[in-house]
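Taking it in order: structure first as structure tokens, then the write-up.
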Amino acid sequence: MIKAVDGVSFEIKEGKTLGLVGESGCGKTTVGRTILRLTNPTEGEIIFDGRDITSLNGSELKKLGREMQIIFQNPESSLNPRMKIYDSIAEPLRIHKICNKNSKRRKRGYLS
Numbered sequence: 000m001i002k003a004v005d006g007v008s009f010e011i012k013e014g015k016t017l018g019l020v021g022e023s024g025c026g027k028t029t030v031g032r033t034i035l036r037l038t039n040p041t042e043g044e045i046i047f048d049g050r051d052i053t054s055l056n057g058s059e060l061k062k063l064g065r066e067m068q069i070i071f072q073n074p075e076s077s078l079n080p081r082m083k084i085y086d087s088i089a090e091p092l093r094i095h096k097i098c099n100k101n102s103k104r105r106k107r108g109y110l111s
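Take the sequence shown: its letters are residues 0 to 111, numbered as in numbering that gives the first Met the number 0.
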């Protein structure tokens, strides 16, 4: 059996940020995707806000997406070149119904 990552363990305190760095191919993206449940873990647990999130699915995972994010290391593949930066950043806010496009632009002075 080939393991992409094995024995990963860390704790991130509330309000803190973790930067995961390492050589190309060492498993950084796999760890991030697994924490966010974009990739399902084969074993172990992921404790977030006091609960194991490895068994969540559907609407529970969507709610979790409002509280976590990953920023991939290659911005050329992370950002859509056909979208303005503002729209790329605002898109997850609209998806999770945190605000709609016009209300956010109005608050920032982009719309009168």
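From the three backbone atoms N, C-alpha and C, an ideal C-beta is built for every residue, glycine too.
Residue i and residue j closer than 7 angstroms at C-beta
i	j	result
P40	T33	yes
L19	K27	yes
I69	G21	no
Option in the options with minimal Cα separation from residue i
i	options	result
L17	A89, S23 and F9	F9
E66	R81, S54 and F47	F47
G6	E42, K12, G14 and L35	E42
E59	I11, V4, P91 and H95	H95
Cα-Cα separation, residue i to residue j
i	j	result
M82	G24	29 angstroms
E13	R50	14 angstroms
Residue i - containing alpha helix (DSSP H), residue span
i	result
A123	Residue 123 cannot be examined here, being either before or after the span of the chain that is shown, 0 to 111.
E59	S58 to L63
Coil, strand or helix - residue i by DSSP
i	result
I52	helix
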